[in-house]
Amino acid sequence: MFKVVAFWWKTTNALGVIVALSSLLLGSQVASAAPNWTLDPAASVITYQSVKKNTIVETNKIRNITGTLSAAGDAKVKFDLNSVDTGVDLRNVRMRFLFFETFKYPTAELTAKVDPAAFADLATKRRVKATLPFRLNLHGVDKDLEASVVVTMISDAMVSVASEAPIAVHVEDFGLLPNVDKLQQAANVTNIVPTASVSFDFVFTADGSQPAATQAAVASSADVGPVTTDAAKANFSDEECLNRFAVLSRTGAIYFRPASARLDAKSRPLLTEVEGVVGKCPSLKVEVSGYTDSDGSPDANKQLSERRAQAVADAVVAAGIPRTQITATGYGEERPVAANDTPKNKALNRRIEFSATKL
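Note that my numbering has the sequence shown beginning at 2, numbered continuously upward.
This is the structure:
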């Protein structure tokens, strides 16, 4: 996942390269027109590798990407983090909600400014290597980076920008290190390495050009190109519903005022996500469960947890979900997920969870 970020960065750089190449790629007739370029999502690929348990390597992708490269050399590539593809729905949801926190940061964006003169000999060499600077926005953080890319002229109207070698990305640079802990707890794994390796191959086509046969061939692969995300689905299967409720329960992103059942405004992004999932699971009845730490009396904690669970249920109903589909229960300090011995562990026990059963 972390690696995905790196790919993006490099992608932007590559895009910049393409801009510089625009007049060269299309020849003197088009040179005067200074064409713009558009990323072909069906022919482009971003993969990232992460390591868990010190030795197990997993390779995943971000499937939905868009990008442009202007004649002036302005490059922009956007990644839809809700399209993360691990090959397993539950792992996809964990990556989205626990690591990337897509309910707050649904996309990542890579931007770069490229000097076309730097690639003046691409038309004759057909393949050029370069180190390009770019800016990556991920998880609300902007960071200036640079990457080594290889730019290849596939045809006069098509250019590939690819990483020269896997790129190491450090999650702490984007405030994602705490989210690695969430992944480890949710998946019950240890030693997820906080650095990932990212590789990419982005294909750009000149605006107004016809798709090439090579594009169609690449796009035919089942694991390449855009995928349908949750936002475009009318309903989820029961398994998809249960996966989402289980992972949403682990986000820790529903907040209350201290010793109060009043929802904090910071809870709105996750509540919106919960409302969307409940609405797409009409055959299931959802229980909102409230829990507290052990500070205070058991009776007071139980009452507080009941009020907090009810506040969340009321917020979901206010969004248009039938009240018959939602129940609220408070368990107080029962069922702790950690010992109540440190501020961090107490915070883990103060939580809202979601579970579902057939109506």
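Backbone N, C-alpha and C fix where the C-beta goes; we use that ideal spot for every residue, glycine too.
Because the structure is a prediction, the values reported are computed rather than measured.
In the structure shown, Phe246 falls within a helical segment according to DSSP collapsed to helix, strand and coil. No residue range can be given for Glu102, since it is assigned to no alpha helix (DSSP H) and is classified by DSSP as neither H nor E.
In this structure Arg127 is in contact with Met154, their Cβ atoms being roughly 5 Å apart against a cut-off of 8 Å. The stretch 332-349 makes no contact with the stretch 271-283; the number of CB pairs closer than 8 Å stays below 3.
In this structure, Pro299 lies near Gly333, with their beta-carbon atoms less than 8 Å apart. In this structure, Lys286 keeps its C-beta atom at 8 Å or more from the C-beta atom of Val190. Contact between Lys144 and Thr108 is ruled out by a C-beta separation of about 16 Å, above the 8 Å threshold.
A straight-line Cα-Cα distance of about 20 Å links Ser200 and Asn55.
Per DSSP, the beta-bridge partners of Gln50 are Thr60 and Ser198. With a cut-off of 8 Å on Cβ pairs, the stretch 236-248 is not in contact with the stretch 68-88, counting fewer than three such pairs.
Under DSSP, the beta-bridge partners assigned to Gly291 are Gly331 and Ile353.
The alpha-carbon of Lys105 is positioned some 8 Å away from that of Leu271. Put simply, of Val142, Asp122, Val115 and Val151 the residue whose alpha carbon is nearest the alpha carbon of Phe135 is Val115.
Counting only the Cα atoms, Glu307 lies some 8 Å from Ser290. Among the bridge pairs identified by DSSP, Lys359 is matched with Leu285.
For Ser161 and Val151, the gap between their C-alpha atoms comes out near 8 Å. The three-state reading of DSSP puts Lys234 in coil, since its state is none of H, G, I, E or B.
Counting other Cβ atoms within 10 Å of its Cβ, Leu360 stays below 16 and is therefore classed as exposed. Inside the stretch 156-208, DSSP marks whole beta strand (DSSP E) runs of 3 or more residues at positions 159-164, 168-171 and 196-207, from first to last along the chain.
Note on Pro283: under 16 other CB atoms within 10 angstroms of its CB, so exposed under the neighbour-count rule.
For Pro134, the uninterrupted beta strand (DSSP E) segment begins and ends at Arg128 to Leu139.
Separation of the CB atoms of Thr230 and Ser45 is rounded to 17 Å, and the pair is thereby denied contact status at 8 Å.
Between the stretch 257-266 and the stretch 97-104 there are fewer than three C-beta pairs closer than 8 Å, too few to call the two in contact. The C-alpha of Ala316 lies about 48 Å from the C-alpha of Ala207.
In the three-state DSSP reduction, Ser149 falls in the strand class (E or B). Within the DSSP secondary-structure output, Gly68 pairs in a beta bridge with Val78.
Following the DSSP letters along the chain, one finds Lys303 in no beta strand (DSSP E) but inside the alpha helix (DSSP H) bounded by residues Pro299 to Ala319. Per DSSP, the unbroken beta strand (DSSP E) holding Thr108 starts and ends at Thr108 to Lys114. According to DSSP, residue pairing for Lys267 in a beta bridge does not occur. For Thr39, the uninterrupted beta strand (DSSP E) segment begins and ends at Trp38 to Leu40.
For the options Gln304, Ala235, Thr293 and Ala76, the alpha carbon positioned closest to that of Ile255 is the one of Thr293. For Val129, same chain residues with a beta-carbon under 6 Å away, outside a window of 5 residues either side, are Phe120, Leu123 and Val152 in chain order. Val142 sits in a strand when the DSSP states are folded into three classes. Beta-bridge partners assigned by DSSP to Asp86: Lys62.
Each of Val204, Gln311 and Thr112 was checked against the Cα of Asp157, and the nearest Cα belongs to Val204.
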